[in-house]
Amino acid sequence: MVVGISPAGSIEDHLSKYRKPVCLADVLLFTGMGPDGRSPLILRSAKGAVFVGGELGTLSEFCSGWMCGNNILGILRVAGGVADSIPEILSKTSTSWGSQVIYEADATTLASMVCDAVDRTCSIRSSYPRFADPCEDVRNLVARLLEQEA
């Protein structure tokens, strides 16, 4: 199941004010917190994330993930947007929060690398057999997105 965390307070705002799709998530949570308020929620709820292009909201989400200190953060190279600036930004910082950053130019390979890294660090499978592959939804979502682009 793919859960979307919307900055909007309602489906109407999600579609009209933020102009975000509804078809990529099985469930949408409407936070009403705006883009800046939902970023920490997203990255505290995830063990891994992939950043593609984006604007300042993407940079905010990356920073939230970085500061959580235990995430696997994937950056799609040469996708444009702020994600292309992340390597330079990190090179100018001296923080050591502990998040792992993976860079890759191919979206499918990047998703697989992030999922594999999450799998290596995730212990939920031994305690909860129904979560046998916590990254299966991510792999399926990337495949759906790539099919839509074709």
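Using the numbering used here, you'd call the opening residue of the sequence shown number 26 and step up by one each time.
For every residue, glycine included, the Cβ atom is placed at its ideal position computed from N, Cα and C.
Keep in mind it's a predicted model, so treat the numbers as computed, not measured.
Let me confirm a value: residue i is counted as buried when at least 16 other C-beta atoms fall within 10 Å, else exposed. Which label applies?
i: Pro112; result: exposed
i: Tyr153; result: Annotation note: pLDDT 49 at Tyr153 (below 50); position unreliable, coordinate value reported separately. With fewer than 16 other Cβ atoms within 10 Å, it is exposed.
i: Pro46; result: exposed
i: Cys48; result: exposed
i: Glu86; result: buried
i: Asn96; result: buried
i: Ala136; result: buried
i: Leu81; result: exposed
i: Leu54; result: exposed
i: Val52; result: exposed
Nearest by alpha-carbon distance to residue i: which of the options is it?
i: Gly90; options: Ser70, Gly79 and Val107; result: Ser70
i: Gly78; options: Cys147, Cys140 and Ala108; result: Ala108
i: Ile114; options: Ala132, Cys93 and Leu84; result: Leu84
Report the rounded CA-to-CA distance for residue i versus residue j, giving the unit in angstroms.
i: Gln125; j: Lys117; result: 16 Å
i: Ser35; j: Gly57; result: 7 Å
Are the region 99-108 and the region 52-61 touching, with three or more C-beta to C-beta distances below 8 Å? no
Those runs of the alpha helix (DSSP H) which lie wholly inside the region 29-64 and span at least 4 residues: 36-41
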